[in-house]
Every structure is written in C-alpha cells, then in structure tokens.
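Colleague: Have a look at this one.
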Amino acid sequence: MVNAVAFPGLAQIPPQLLHLITNETTQHLPPAYDATLRVGYAAQQAQIRALLSRRDVPAYELMATSWGQLATSAMHTLSRGTVYARSSSVFDNEPPILDPRLCSHPFDCEILRMGLEFNDRLIATDPMAMLLPVPPVGLKTEDLRNRTVLMQTIKRMVGTEFHPSGTAAMMPRCAGGVVDTNLRVYGTRNLRVVDASILPLIPGGHIQSAIYAIAEKAADIIKQDKRGNNPSPKYSRPLFY
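Shown next as structure tokens:
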C-alpha cells in the first residue's frame, strides 16, 4: 500500500530552474509532434509555469509505502510522450504503443531531485534515523549528496505511478485536442470519451476523484444532449476551456 505523506510546492520557482520552465522551446518534444500539438504544448507550458509559482499548488508528492520505502513523484511534468494504435482494427484487441518519454524534459528530473533531497533531509531526523534507513539498492548514502550521480540515477530508475491520463485531451482541435466540451471525439458522430485521457493536465493530486467528477458530468451531458447524432461542433475558444 502507498500513502501520501505530503504535497510540497515550490512557493516560487528556484532561479536555477527558472530558465528550464520559461524557455518556450519545443526541442524536448517528440519529433512526430505536428503544429497543433506544439500549439497545445505551449499553452500547457504557460499554465504549468503559472501553477508552480503558487503556494497552494504542489510540485511533487512524497509517498510512503507499506514496505518501508519513501518515494517522490513529479506532479506537473513538462515531458511529453506518444501513443499509437498498434492495429487498424479495433477487433484485434491489441494494446496501443505507448512511449511516455519520462524525464525527456530536464525540468522534471530537477523536480524529482528536489523531492529526493527532501526525503534525504527527512530520514536524517532523529525519529527517522532510529529506523536505520538506507538508500535504494545500488546507491550509497554519499551518492544522495552528489548531484551528478543523483541525476544519473533518476534518469535510470524513473518510472510510472500508474495514473495514466492525457492521451485524448479536451482542448480545441487546433491545439491538438481530441474531444470537445461535450466529450465527443472531433470529426465523429456519437463517439465520446469519458475517462482520465481527456485531462489536458494532471490535477494537483491523485486523479481518482477527478475521474468520478468527469463521469458524473458526462452523465449529465449525455442526458441533456438531445442531438446525439450531431458531429462535434467547431469552437473558437481559449486553449483551455
């Protein structure tokens, strides 16, 4: 079992990291991204930058497991991956080809480093020291104080938290969106998406409660929609509805 210990924020973005998040370059994006996806990413990057500057928005999560491990997870990442259909037929029941490209943007690695350094200070306190904590397998205690070694370890060991989302974002089509505000897939009739994939950005916490809210809202939308066979409407709205 995994329990949340804390959701620390940045209060303000550290100066040494500011250039990583204010630089609006798309050099860290997958080469396959087209112009619409790059427009959407620029809007997301601006939103994340504004969020992380607030005191009430977490930058990372500290977690404790039932087997005695302390871990950290980045909450608002700038890395972007890809998802492709493995087959042209839905009847093949083939899983998609996913490449999350974890830590492909250096800012995400820096956030994880900050979380691990916080954990290091935490286990140095007297109550925690009594439990004789040790670094992960393959690391020495002094490695946690070596920034270069720590960053190399993060890139080697980074993994998913198994809260998949964001592959069918509710955004305008011109910004790489997949569904409209009625949850309809652009260019289709009577095809809606009602799950975590419609989230353009990960909320500042676990996504389970957000998915419940999406499902409740979707039920209302479908019940109120008297024109279920209509194609997705065309919108002229901000990049985030």
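Numbering of the sequence shown is given in full-length UniProt numbering, commencing with residue 1 and proceeding in unit increments. C-beta: ideal position from N, C-alpha, C; glycine also.
Does the segment 148-155 come within contact of the segment 93-110, defined as at least 3 CB pairs closer than 8 Å?
Modeller: The segment 148-155 vs the segment 93-110: in contact.
Colleague: In three-state terms, what does DSSP make of I198?
Modeller: By one-based count along the sequence shown, residue 198 stands at place 198. Helix, per DSSP.
Colleague: Please tell me whether M63 and A129 are closer than 8 Å, where the distance is taken between their beta carbons.
Modeller: As a working note, residue 63 is residue 63 in the sequence shown. As a working note, residue 129 is residue 129 in the sequence shown. Not closer than 8 Å, so no.
Colleague: Decide if the segment 156-169 is in contact with the segment 197-209; the criterion is three or more beta carbon pairs, one per stretch, under 8 Å apart.
Modeller: In short, these stretches touch, since the Cβ pair count reaches three.
Colleague: Quick check: the Cα distance between P96 and G176, rounded to an integer number of angstroms?
Modeller: Here the question's residue 96 lines up with position 96 in the sequence shown. Here the question's residue 176 lines up with position 176 in the sequence shown. Going from the Cα of P96 to the Cα of G176 covers about 19 Å.
Colleague: Distance check for E117 and G9, CA to CA, integer angstroms please.
Modeller: The residue given as residue 9 occupies position 9 in the sequence shown. The residue given as residue 117 occupies position 117 in the sequence shown. Computed Cα separation, rounded: 14 Å.
Colleague: For T72 versus G40, is the C-beta spacing smaller than 8 Å?
Modeller: Start at 1 with the first residue of the sequence shown, and residue 72 comes out as number 72. Start at 1 with the first residue of the sequence shown, and residue 40 comes out as number 40. For T72 and G40, no; Cβs fall outside 8 Å.
Colleague: Quick one: what does DSSP say A59 is sitting in, helix, strand or coil?
Modeller: What you label residue 59 is simply residue 59 of the sequence shown in a count that begins at 1. Three-state DSSP puts A59 in coil, outside helix and strand.
Colleague: Given a threshold of 16 other Cβ atoms within 10 Å of its Cβ, counted over all protein chains shown, does A35 qualify as buried or as exposed?
Modeller: The count along the sequence shown starts at 1 and reaches residue 35 at position 35. It is exposed - the Cβ of A35 has fewer than 16 other Cβ atoms within 10 Å.
Colleague: The ligand SAH and P96: does any heavy atom of the ligand fall closer than 7 Å to the residue's C-beta?
Modeller: This structure simply doesn't include the ligand SAH, nor any ligand for that matter.
Colleague: Compute the beta-carbon to beta-carbon distance between F75 and P58, rounded to the nearest angstrom, for a pair I have assumed lies under 8 Å.
Modeller: Position 75 of the sequence shown, counting from 1, holds the residue named residue 75. Position 58 of the sequence shown, counting from 1, holds the residue named residue 58. Per the sequence shown, residue 75 should be read as Met rather than Phe. That pair is a contact at about 5 Å.
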